[in-house]
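Taking the UniProt record's numbering, the leading residue of the sequence shown gets 1, the next gets one more, and so forth. Quick notes on the structure that follows.
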Amino acid sequence: MSDPNCLFCKIIKKEIPAKIEFEDENLLAFYDITPQAPTHLLVIPKKHIASLDKAESSDKALIGELLLRVSEIAKSLGLDKEGFRVVNNAGALGGQTVFHLHFHLLGGRQMKWPPG
Ligand code: 5GP
Ligand code: ZN
Numbered sequence: 001m002s003d004p005n006c007l008f009c010k011i012i013k014k015e016i017p018a019k020i021e022f023e024d025e026n027l028l029a030f031y032d033i034t035p036q037a038p039t040h041l042l043v044i045p046k047k048h049i050a051s052l053d054k055a056e057s058s059d060k061a062l063i064g065e066l067l068l069r070v071s072e073i074a075k076s077l078g079l080d081k082e083g084f085r086v087v088n089n090a091g092a093l094g095g096q097t098v099f100h101l102h103f104h105l106l107g108g109r110q111m112k113w114p115p116g
């Protein structure tokens, strides 16, 4: 459930401080330390899942809950008014640097496509 060497597991256990926006039994949402937009949060499951491709069918409800929570947080911060972006980086070519599943929630500026 928890990996003692994982940065985000340490944030969940409050061993490393973070600015928390939302927390419940299964999920945590906190602000990215290096924001890439005026609003930039990370929404994560408390269960240690290394990346999206490591999620299993038993995680179905958890992943659904996670994405709906991303939407709820976007709305609670007013990001739905002008739009926002949700990003998951998976693996080396995907640009993943922290190997604990997380969705980036970005808003407050015009996003570009294709992504870098
Ligand atoms: P990835 O590159 O894996 O998709 O995203 C990892 C994210 O975690 C990056 O956007 C990075 O800025 C953020 N991050 C790395 N270390 C910390 C930290 O100690 N605290 C917080 N709040 N964010 C972090
Ligand atoms: Zn972890």
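We put the CB at the ideal spot given by N, CA and C, even for glycine. Predicted model only: the values in this text are computed from it and were never measured.
Check	Outcome
Between the region 81-90 and the region 10-22, do three or more beta carbon pairs fall short of 8 Å?	no
Could you give the first and the last residue of the continuous alpha helix (DSSP H) run that contains Val-70?	60-76
Might you give, ordered along the chain, the residues of its own chain that have their beta carbon closer than 6 Å to the beta carbon of Asp-80, omitting 5 neighbours on each side?	Ala-74
Near Ser-2, what residues of its chain come up, given a Cβ to Cβ distance below 6 Å and the 5 sequence neighbours on each side ignored?	Cys-9, His-48
Report back the beta-carbon spacing between Phe-7 and Val-98 to the nearest angstrom; my notes put them in contact at under 8 Å.	Checking the displayed sequence, the identity of residue 7 turns out to be Leu instead of Phe. Correct: roughly 6 Å between the Cβ atoms.
How about Pro-38 and Arg-109: are their beta carbons less than 8 Å apart?	yes
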